[in-house]
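Student:
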Amino acid sequence: MKSALCLVPLAFALAGCGGGSARPEGFAVALPPAPQVEPDRHRDGAIYQASHGYAPLYYGNRAARVGDIVTIALVERTQTSKSTSGSTKRDGSLGLSLPSWTGIDSSDLNASGGGSFKGAGDASQASSIRADLTVSIVEVRPNGTALVRGEKVMQLSQGEEWVQLSGIIRLADIDQDNRIPSIRVADARISYSGAGSVQRASREGWLSRFFGVISPF
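Numbering (mature numbering (1 follows the signal peptide of the UniProt record, and there is no 0)), first residue to last: -22 to -1, 1 to 195.
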């Protein structure tokens, strides 16, 4: 009786784990840094002031600073396949011949055996995603690259879905519409998942997973 009561909370715990993983944190919007108050520099009346440092003649609307937004065109398609096969075969025999005066039939002493194994396996997986995700620049590096990060969260009637992305882009690859394809994002981390009733329905039940772990077959 006590064992049965102990299994009840375990069942509820395993059932709760089947609802999908929680949305990872750390993809909050990056806000631009607060402007720094600089002391008044000496002005000699010239247009170019060396003390002000380098600045381009025209910035335009292209994203280039922390807090600026960039639209990533997600065009990802992957397809993998793998197959393997193997076979083994082994045969053996043993025979003895005894003199006739022993009265033993030699055919009773013959033995043979054999074994064979043959196995094959195939696995394939394909995935694709096409969407636009607007992210923000969280860090600008001296070599002309920038770290971008962002997410899109959709609250649906049957649960929650989200798309998250982080990676490194070249500022020179950003077009005039502040767009860049995902194939130009280095060290990209793209996550598309969700939580809710639909996500739970697509997962194997906790009891099936339990027996799948302990099953030797």
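In this text, a Cβ means the ideal position worked out from N, Cα and C, and glycines have one as well.
The beta strand (DSSP E) with residue 196 in it runs from where to where?
Tutor: There is simply no residue 196 to check, as the chain begins at -22 and stops at 195 in what is shown.
Student: Leaving out five residues before and five after Lys67 in sequence, what residues of the same chain have Cβ atoms less than 6 Å from its Cβ?
Tutor: Cβ neighbours of Lys67 beyond the five flanking positions: Ser94.
Student: For Leu72, list the residues DSSP reports as bridge partners.
Tutor: The partner list for Leu72 (beta bridge, DSSP) reads Ala89.
Student: In terms of residue numbering, what span does the beta strand (DSSP E) encompassing Gln142 cover?
Tutor: Gly137 to Arg148
Student: Please state if the CB of Val113 and the CB of Ile161 are separated by a distance shorter than 8 Å.
Tutor: no
Student: Let me know if Leu149 comes out buried or exposed under the rule of 16 or more other beta-carbons within 10 Å of its beta-carbon.
Tutor: Buried, by the Cβ-count rule.
Student: Within the same chain, show all residues whose beta-carbon is closer than 8 Å to that of Gly97, passing over the 5 residues directly before and after it, in chain order.
Tutor: Ser63, Gly64 and Ser65
Student: From Gly100 to Ser169, what distance separates their C-alpha atoms?
Tutor: Looking at the sequence shown, residue 100 is not Gly but Asp. Those two C-alpha atoms are separated by around 26 Å.
Student: Ignore the nearest five residues each way along the sequence and tell me which others in Gln57's own chain have a CB closer than 7 Å to its CB.
Tutor: Ala104
Student: Do Ala173 and Gly137 have their beta-carbon atoms positioned less than 8 Å apart in this structure?
Tutor: yes
Student: Cα separation between Pro159 and Arg167?
Tutor: 14 Å
Student: For Ala129, tell me which candidate among Ser135, Ile192 and Ser171 has the shortest Cα-Cα distance.
Tutor: Here residue 129 is Glu; the residue named in the question, Ala, does not match the sequence. For Glu129, the nearest C-alpha among the options comes from Ser171.
Student: Provide the residue span of the beta strand (DSSP E) that contains Arg127, from first to last.
Tutor: Thr123 to Leu134
Student: In chain order, what residues of the same chain lie with their CB nearer than 6 Å to the CB of Ala42, ignoring the 5 residues before and after it?
Tutor: Leu149
Student: Using three-state DSSP, classify Ile161 as helix, strand or coil.
Tutor: helix
Student: What separation, rounded to the nearest whole angstrom, lies between the Cα atoms of Glu139 and Gln154?
Tutor: 30 Å
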